[in-house]
Each structure stands twice: as structure tokens, then as C-alpha cells.
Amino acid sequence: MKQMTSLALALLLAFGATAKNHKPTHVTVKGENVTVTYGQPAEGENVVPANGTAWHTGVGEPTIVTLNKGCMFAGRQVNPGTYSLITVPYKGEWIVYLTNEKDNNEIDLEKVKSNNMLYGFAIVGKNDKGVDGYKIEAVNDGLLVSWDHSNIMIPVKPW
Numbered sequence: 006m007k008q009m010t011s012l013a014l015a016l017l018l019a020f021g022a023t024a025k026n027h028k029p030t031h032v033t034v035k036g037e038n039v040t041v042t043y044g045q046p047a048e049g050e051n052v053v054p055a056n057g058t059a060w061h062t063g064v065g066e067p068t069i070v071t072l073n074k075g076c077m078f079a080g081r082q083v084n085p086g087t088y089s090l091i092t093v094p095y096k097g098e099w100i101v102y103l104t105n106e107k108d109n110n111e112i113d114l115e116k117v118k119s120n121n122m123l124y125g126f127a128i129v130g131k132n133d134k135g136v137d138g139y140k141i142e143a144v145n146d147g148l149l150v151s152w153d154h155s156n157i158m159i160p161v162k163p164w
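With my numbering applied, the sequence shown corresponds to residues 6 to 164, in that order.
Below, the structure is given as C-alpha cells:
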């Protein structure tokens with residue numbers, strides 16, 4: 006009996022450690038004018054932070070947005086280039102930032118704000134079908150960020 010208990014405990018610890026050390030799947034989505042690479046969480050993993058908390062809009066490393074040509078991104082004019090996407094969720098809308106800092110896993114929101122990084126807004130919508138986990142899709146009007154039964158649309162339009 007003692008061996009069975011020890012075996013059960015060992016299996017529990019092994020599988021528990023595996024779940025905590027899950028490495029995100031890196032997903033790249035391509036649209037006509039935009040490419041996004043982000044860390045997708047494990048199925049059932051909740052990744053959207055509390056309201057007012059800045060995050061990389063994905064799991065693990067920063068979410069990278071490459072704009073193939075100049076465009077309007079979240080209502081702001083942006084030159085072609087590669088940027089890091091930072092979002093700050095709130096109940097009815099999210100603040101969306103693009104920054105040149107692509108290698109930093111820590112977000113200093115005050116630094117982002119003081120550097121006058123590009124920012125815009127995205128309205129939170131409802132997704133009747135629901136999404137297991139979290140995903141970003143390139144759609145005709147921009148980037149659709151979906152989780153659970155909610156989503157935001159980040160408008161992306163060429164100049």
C-alpha cells in the first residue's frame with residue numbers, strides 16, 4: 006500500500022510539474038498587410054489578465070506584429086516595420102500599444118506611455134460560439150483576438 010501511495014504521489018508531482026512548465030505554441034497568422042506571431046496557451050489555460058494589467062497579448066515571449074506597408078492600426082497611422090504588441094484590457098475596451106521594444110518580457114507600462122509609443126483602442130465584443138483557449142486571427146478588417154466568449158477587433162487598414 007505504501008508503494009502505491011508513493012507511486013501515485015510521484016505521478017501527481019510529475020504531471021503537475023508538466024502542466025506548470027507548459028511551453029506555449031508559437032503561432033504565426035498572416036493577413037494581406039500584417040503578420041502576427043504570438044504564444045498560444047495550452048487548451049483551457051486562462052491567459053487574459055485582470056483589467057488594467059498590461060500584457061504581451063499572448064503567452065511567453067512578446068507578440069510580434071509585422072506591417073508590410075503603412076497602415077492605420079487601431080486608428081493610428083503606422084509606418085511599415087516590426088513591432089511588439091502590448092494590450093491593457095478593461096471592461097468595455099482595451100488600450101492597444103505598438104512598441105519597438107521586441108525583446109523585453111517585462112512590461113514597464115509607464116515607460117511605454119512616456120516613450121509616446123503608438124496607442125489606440127479596441128472595443129470588446131461577444132463571441133457566441135466561444136473559443137477554447139485564446140487565438141489571434143487576421144481577418145478582412147484587422148486582427149481578431151478571441152478568448153472564451155469574448156473578442157476584440159484591432160482595426161488594420163492600409164493607407
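Note that beta-carbon positions come from the ideal geometry of N, C-alpha and C, so glycine has one too.
The beta carbon of Gly135 sits closer than 7 angstroms to the beta carbons of Asp153, His154 from its chain, once the five residues preceding and following it are set aside; these are given in chain order. If you check the CB distance, Asp137 and Glu48 come in under 9 angstroms. For Ser119, the number of other beta carbons within 10 angstroms of its own is below 16, and it is reported as exposed. Each residue's CA atom was taken as its position, placing Gly63 and Pro163 some 24 angstroms apart.
By DSSP's assignment, Asp137 forms no beta bridge with any residue.
Each residue's CA atom was taken as its position, placing Val83 and Met77 some 6 angstroms apart. Runs of the alpha helix (DSSP H) lying entirely within the region 73 to 128, each at least 4 residues long, are 114 to 119 in chain order. A direct Cα-Cα distance of roughly 12 angstroms separates Leu90 from Gly44.
Ile159 and Val150 have their C-alpha atoms spaced approximately 8 angstroms apart. Gly147 counts as buried, since no fewer than 16 other beta carbons sit within 10 angstroms of its beta carbon. Going by C-alpha positions, Thr30 is about 11 angstroms away from Glu66. By the neighbour-count criterion, in which 16 or more other beta carbons inside 10 Å mark a residue as buried, Tyr139 falls on the buried side.
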